[in-house]
Amino acid sequence: MSQYTLGRRGFLGATAAAAIGTGTRRATASETGDAFVYQVQRTEEEWRALLDDAEYAILREAGTEQPHSNPLWNEKRSGTYCCRGCDLTVYR
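Below is the structure:
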């Protein structure tokens, strides 16, 4: 079995290829200008009316709840789980 050692040229070549590939991928993604469009769109006033304070903080302001504090923490029944904000299926 032969042992391969990475020389200086190989290292510099691999590093350059990785840097070029990363830069190209970022440029391509940012140049498209396509922003993600949510399936359900509401104004902030509509979200406030639909959600209570805790739900609003979690769903709209990226908040979190205390670990294991939700009464559904140990929910094991099968079924379809839907988003509280948009009522779309999260998982089945």
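Start counting the sequence shown at 112; every next residue gets the next number (the working numbering).
Don't be surprised by glycine CBs; every beta carbon is placed ideally from N, CA and C.
Comparing alpha-carbon positions, which option in the options lies nearest residue i?
i, options, result
"A173", "H179, S180 and A165", "A165"
"G196", "H179, A125, G121 and A160", "A160"
Uninterrupted alpha helix (DSSP H) stretches inside the stretch 121-195 (no shorter than 4 residues):
For secondary structure counted as the alpha helix (DSSP H) over 4 or more consecutive residues, the stretch 121-195 holds these complete runs in sequence order: 155-161 and 164-171.
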